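Written out below as structure tokens is the structure these notes cover.
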């Protein structure tokens, strides 16, 4: 207040008090609004985190599936190669016997 050393008229003091009260009330509302926005933002971040985590886990399962199928195919090919080698060795053995 201007020249606060001298006493303000009562009505002016009340007017200032009312203005302060309004300002405090307004600020309280703003804080409440900002807090609500922050809360929504936090919830949104949680949702995003869960979505990306789910996507990541699905991708991981997909890759694990691919790896399993590739290693399954490899096992099968190795088994076939092993059998072919056995047959060749048998055939060679029989050929030696025939000679």
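In the numbering used here, the protein residues as written are 74 to 172.
Quick reminder that beta carbons are idealized off the backbone N, C-alpha and C, glycines included.
Bear in mind the structure is a predicted one, so any value in this text is a computation, not a measurement.
For the alpha helix (DSSP H) holding residue i, just list the boundary residues, first then last.
i: residue 81; result: Segment: none, residue 81 is in no alpha helix (DSSP H) and carries neither H nor E.
Mapping the DSSP letters down to three states, classify residue i as helix, strand or coil.
i: residue 132; result: helix
i: residue 96; result: helix
i: residue 126; result: helix
i: residue 150; result: helix
i: residue 172; result: coil
Kindly say whether residue i, judged by its beta-carbon, lies nearer than 9 Å to any beta-carbon of chain C.
i: residue 110; result: Among the chains of the structure shown, chain C does not appear; only one protein chain is present.
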